[in-house]
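Asker:
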Amino acid sequence: MYVATKGGERAIDAAHQWLADERRGDRSVPELSVAQIREQMALAVNRVMAEGSLYDPDLAALAIKQARGDLIEAVFLIRAYRTTLPRFGASVPVETDRMDIIRRISATFKDAPGGQILGPTFDYTHRLLDFKLMADGEAPEALRKEADAVVAPHILQLLDQDGLMEPLTDGDETPPDLTREPLEMPADRPLRLQALARGDEGFVLSMAYSTQRGYGRTHAFVGELRIGTCAVEMEIPELGFAVEIGEIELTECETVNQFTGSKSEPPQFTRGYGLVMGQSERKSISMSLVDRALRWEELGEDNVGAPAQDAEFVLYHCDNIQATGFLEHIKLPHYVDFQSELELIRKLRREAADAQVKEAAE
Amino acid sequence: MTDQAYNFAYLDEATKRMIRRALLKGLAIPGYQVPFASREMPMPYGWGTGGVQVTAACLTPEDTLKVIDQGADDTTNAVSIRKFFERTAQVQTSETTAEATVIQTRHRIPEVALTEGQILVYQVPIPEPLRFLEPRESETRRMHALEEYGLMHVKLYEDIARHGAIATSYAYPVKVEGRYVMDPSPIPKFDNPKLGGNAAIQLFGAGREQRIYALPPYTDVVSLDFEDHPFDPSKADHACDLCGSEVSYLDEVITDDKGSRIFVCSDTSYCTTRQDEGHTGRLSPEGEAA
Amino acid sequence: MTMHDVSLDQPLFRVEGLTKRYGKRIGCADVSFDLWPGEVLGIVGESGSGKSTLLGCLAGHMQADEGKILYRGRNTLTMPEPERRVLSRTEWAFVHQNPRDGLRMGVSAGGNVGERLMAIGARNYGDIRETAADWLGRVEIAGERIDDRPRQFSGGMQQRLQIARNLVTSPRLVFMDEPTGGLDVSVQARLLDLLRGLVRDMGLSVIIVTHDLAVARLLADRLMVMKDGHVIEHGLTDQVLDDPQAAYTQLLVSSVLQV
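Residue numbers (the numbering used here), protein chains in the order written: chain R, 1 to 362; chain S, 1001 to 1290; chain L, 2001 to 2259.
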């Protein structure tokens, strides 16, 4: 006698056990510690923090370990954890002017007050596999010296002083919070930037790249890219002033883009902006380009129909947790729907065959 | 694992209040899609996050929860969601439709008529019935606002012109109280007649798309059609091989590599209840004897 | 097919002081005119003269900055959006220059014609199909093409289909933007002939924008000549074309072959 498939519960438990076993891999190889991941896979940790929208290197490292190195899965773990955290309040805006800089470059000026600082970058390495790392990953300590007390104003401020940059307007409005309000169109710039900041690095990169290849070109220069740590301060109502509650590492990119002008306004350069948690340089540059492309309307540019100009397209598809969930849900059972499709196609075929028979008879 | 760190039914109270406000708005405007700030849940988008959030916002400790997927209580995703609430809300669960106060479903409406006081929560992948005719959210919202639904019938017209029949077999669009066109979630069209005039509260949650909508009890729901091509909630022309029911929705199951197949109720609770009551089908031991 | 209950002693459409600016540039300025039931008004001028802007404002596709547009006594500029949309799918129609802008290219010819019927509540498939077939016949498209998509049609057929799709609900007022614009001369002549017949039989009021004075002479009862956003001459078609007053109109008329 036929018995409908049962035992979903047992199957799930067994699958989870198997997964845990696979995650550990060969027991004769030492287990990775969360600290090892945090220290030696820092850029993966940074990406998980940025796209997970939660600044906690230890938890991000744990998520990577638990997810067997699948970074989107790790982002997912972080997002789901983030949901459950109570919200005590909002910090005051971080002052990236006062960033403790480890890297700062400008493509638009040879030098600038505060200097160019290369920092720990892959930029000028030759991409040759270093087989030494296979045997022994020990690296000599880099030379260290006390940092100069550099004052590094934003480079775009210098252009700003000459009136060459489009002015930024300071608003008192509290920007909408993407994680607390539904995303609704049209989305203003703060909302777009939030979505991009947690958007999938690969998606944002490809969108940015498409603008460079002519799909909504904005002629971007990296005005300044800076990486470093910033103090996070919070107003404590009982105290009446802001206190530092910690510091976070940030990557900030400001692009200088093609200028606009009109009869009433002299030509000025425009800006794109990217700010990402952790050391995430590719993402922050990509974000600035996409931000700039999405601003076509306010800057009076033509919509050339480029994907990167389409806020609905970009914002509704940049979140990898939404995307991966929906994509993978098609592996869930759909047999009820498929059954009704089966019946429909059989019925339509039967009717078509009947009609043919009738026609032949006539 | 201890789950003391989590609030009752996982979501914090402020989030549940936000969802309840959206639910009330949805009940006040039947069929209208209310935007809500969907949270990230510990299961993936597309796997029922909307339904889970709605259920979490509705559950009280006294509730009895039933979870079905494809009509069955024991499909993996149903098991997973039921376990989630057993863990985070410690509510009673049941597989019997009549015993449940809250039923979360994916793709089916139970066969047994629901009663007043029950809540049916649907998981919805794409809440927008006009989405595949018009991809832009800003445009579809305007179409709903202005009641511009001509395009919806164009699609049905094209189906008939091409296939001789309306070729939509699930997620079949309906009009609610003569106003909003609504996607009933991917239930087979066989279930559509149960949407209207239902005694239970029907709530629809789309997590990824951040939309909630609702049908209060006894709402007027009409499946779109033409006068001369009326809506036809057909199903496979068989009886259940296990319980003999001729009125329930059936799954077709292939039983061997020669393509033999049998038909069994998709609603497992309905089917087992009938079998317990002594109903038999073609493959029942008694049935073979008969 | 004179089913209109419009009184003949008041204009169907009255425009007063209509102005549209693009920043500091003028789209059209201070345009006023009356359109009577059954009348065809041609708006002529070269490209950039503001005639398409004017048409866009009249049809509600663009928001005018100043002025009034009264349709049967109601100001369409202050009318709520839902009402204006109802108007534009019932009593109004709009024929685009490029049929692609006015047709659903992925929907069959029958579906294209039927859409307006369904939008105003037609729910009988057989009736919708019959009406669509009838209209395809009236615009000289073979009935067996009813299930083909407009992609498979020639340019002239697409334009005729667009006209059928617009006229199927018997509108009172039709806006036309260079309806013969993209077509070959021989195809143009046939389409003009068809349009003239339909306008007369149905008693339509039409506002047609064209840069082609031959089209204007064939279809329009009255003409408005536009230059730099302003109306510089306005009168009966024959009068304007045979005895132009404004220097610009004289230039315009003399620069084309007489018809």
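Note that the Cβ used here is the ideal one computed from N, Cα and C, for glycine as well.
(1) Check Asp2101/L in the structure and name its three-state DSSP category.
(2) Identify each residue in the stretch 2100–2114 of chain L for which the Cβ-Cβ distance to at least one residue of chain S is less than 7 angstroms, and report them in chain order.
(3) Can you grab the Cα-Cα spacing for the pair Gly2126/L / Asp2134/L, in whole Å?
(4) Could you tell me whether any non-hydrogen atom of the ligand FAD is closer than 7 angstroms to the CB of Asp2009/L?
(5) Could you give the residue range of the alpha helix (DSSP H) that holds Ile37/R?
(6) Are the CB atoms of Met277/R and Ile245/R nearer to each other than 8 angstroms?
(7) Mind listing which residues of the stretch 1032–1062 of chain S have their C-beta closer than 9 angstroms to chain L's C-betas, in chain order?
(8) Considering only residues of the same chain and omitting the five flanking positions on each side of Gly1026/S, which have a CB-CB separation below 6 angstroms?
(9) Looking at chain R, is there any beta carbon in it that lies within less than 8 angstroms of the beta carbon of Met1001/S?
(10) Mind checking whether His1229/S and Ile1166/S have CB atoms under 8 angstroms apart?
(11) May I ask which residues mark the beginning and end of the alpha helix (DSSP H) holding Lys1025/S?
(12) Taking 8 angstroms as the threshold (C-beta atoms), are Leu2103/L and Pro2150/L in contact?
(13) Tell me the DSSP secondary structure of Phe76/R in three-state form.
(14) Does any C-beta atom of chain A lie closer than 8 angstroms to the C-beta of Leu332/R?
(15) Terminal residues of the continuous alpha helix (DSSP H) containing Ile377/R?
(16) Please list, in chain order, all residues of the same chain as Leu1151/S whose beta carbon is under 8 angstroms from its beta carbon, the five residues on each side excluded.
(17) With 16 as the cutoff for other CB atoms within 10 Å, does Ser288/R come out buried or exposed?
(18) Whether or not the stretch 1154–1163 of chain S and the stretch 2101–2115 of chain L are in contact is what I'm after, with contact meaning three or more pairs of Cβ atoms, one per stretch, closer than 8 angstroms; do they touch?
(19) If you measure from the beta carbon of Asp1220/S to each beta carbon in chain L, is any gap under 8 angstroms?
(20) Taking any Cβ of chain S, which residues in the stretch 2141–2152 of chain L have a Cβ under 9 angstroms from it, in chain order?
(21) Name, in chain order, the residues that DSSP records as bridge partners for Gln1104/S.
(22) Using a C-beta cutoff of 8 angstroms, does Pro1129/S count as contacting chain R?
(23) Which class does Leu370/R belong to by DSSP, given the choice of helix, strand or coil?
(24) Are any of the Cβ atoms in chain S nearer than 8 angstroms to that of Asn2124/L?
(25) So which of Val1181/S, Ser1234/S, Arg1136/S has the shortest CA-CA distance to Phe313/R?
(26) With a cut-off of 8 angstroms, does the C-beta of Ala1167/S fall near any C-beta of chain L?
(27) Taking the CB atoms as reference points, tell me whether Gly1244/S and Gly1196/S lie closer together than 8 angstroms.
(28) Is there a Cβ from chain L that is less than 8 angstroms from the Cβ of Ile1029/S?
(29) Locate the alpha helix (DSSP H) running through Val1054/S, then write down its first and last residues.
(30) Pop quiz: Gln2159/L and Leu2183/L are said to be a contact at Cβ under 8 angstroms. What is the actual Cβ separation, rounded to whole angstroms?
(31) Once DSSP output is grouped into helix, strand and coil, what is the label at Gln1033/S?
(32) Taking only runs of the alpha helix (DSSP H) that begin and end inside the stretch 2080–2146 of chain L, which ones reach a length of at least 4 residues, in chain order?
(33) Residues of chain S with CB closer than 7 angstroms to the CB of Ala306/R, please, in chain order.
(34) Tell me whether Ile345/R sits in a helix, a strand or coil according to DSSP, three-state version.
(35) Could you check if Trp18/R is buried or exposed, using at least 16 other CB atoms within 10 Å of its CB as the buried criterion?
(36) Once DSSP output is grouped into helix, strand and coil, what is the label at Pro1193/S?
Answerer: Taking the structure as given:
(1) Three-state result, Asp2101/L: helix.
(2) Answer set for the stretch 2100–2114 of chain L: Val2107, Ser2108, Gly2110, Gly2111, Gly2114.
(3) Taken atom to atom, the span from the alpha-carbon of Gly2126/L to that of Asp2134/L is near 12 angstroms.
(4) As far as ligands go, the structure on display features none, and thus does not contain the ligand FAD.
(5) Note, Ile37/R: alpha helix (DSSP H), 34–40.
(6) Result no, Cβ atoms of Met277/R and Ile245/R do not sit closer than 8 angstroms.
(7) Within the stretch 1032–1062 of chain S, no residue has a Cβ lying closer than 9 angstroms to any Cβ of chain L.
(8) The residues are Val1034, Ile1212, Tyr1213, Ala1214.
(9) Confidence in Met1001/S is poor, its pLDDT being 41 and thus under 50, which makes the residue's placement too unreliable to answer from.
(10) Note that the C-beta distance between His1229/S and Ile1166/S is below 8 angstroms.
(11) Where Lys1025/S is concerned, the enclosing alpha helix (DSSP H) stretches over 1013–1028.
(12) In contact: Pro2150/L and Leu2103/L (Cβ atoms closer than 8 angstroms).
(13) Helix at Phe76/R.
(14) Chain labels in this structure do not include chain A; the protein chains are R, S and L.
(15) Because chain R is modelled from 1 through 362, residue 377/R falls outside the range shown and cannot be assessed.
(16) Cβ neighbours of Leu1151/S within its own chain (closer than 8 angstroms, five residues either side excluded): Leu1130, Leu1133, Glu1134, Met1143.
(17) By the neighbour-count rule (16 or more Cβ atoms within 10 Å), Ser288/R is buried.
(18) Contact between the stretch 2101–2115 of chain L and the stretch 1154–1163 of chain S is established, with three or more Cβ pairs separated by less than 8 angstroms.
(19) With 8 angstroms as the cut-off, Asp1220/S does not count as an interface residue toward chain L.
(20) Taking 9 angstroms as the Cβ-Cβ cut-off against chain S, the residues of the stretch 2141–2152 of chain L that qualify are Ile2146, Asp2147.
(21) Val1067/S, Val1121/S.
(22) No, no contact with chain R.
(23) The question about residue 370/R has no answer, for chain R in this structure spans 1 to 362.
(24) Cβ-Cβ to chain S under 8 angstroms: yes for Asn2124/L.
(25) Measuring from the Cα of Phe313/R, the nearest candidate turns out to be Arg1136/S.
(26) Nearest CB-CB separation between Ala1167/S and chain L: not below the 8 angstroms threshold.
(27) No, Cβ-Cβ distance for Gly1244/S and Gly1196/S is not below 8 angstroms.
(28) With 8 angstroms as the cut-off, Ile1029/S does not count as an interface residue toward chain L.
(29) Taken as a continuous stretch (DSSP letters only), the alpha helix (DSSP H) holding Val1054/S covers 1049–1058.
(30) That pair is a contact at about 7 angstroms.
(31) Annotated three-state conformation of Gln1033/S is coil, per DSSP.
(32) Listed in chain order, they are 2081–2090, 2099–2102, 2109–2119, 2125–2138.
(33) Identification of chain S residues near Ala306/R by a Cβ-Cβ cut-off of 7 angstroms yields none; the smallest Cβ-Cβ distance measures about 16 angstroms.
(34) Ile345/R: helix per DSSP, three-state reduction.
(35) By the 10 Å Cβ count, Trp18/R comes out exposed.
(36) In the structure shown, Pro1193/S sits in a helix (DSSP, three-state: H, G or I).
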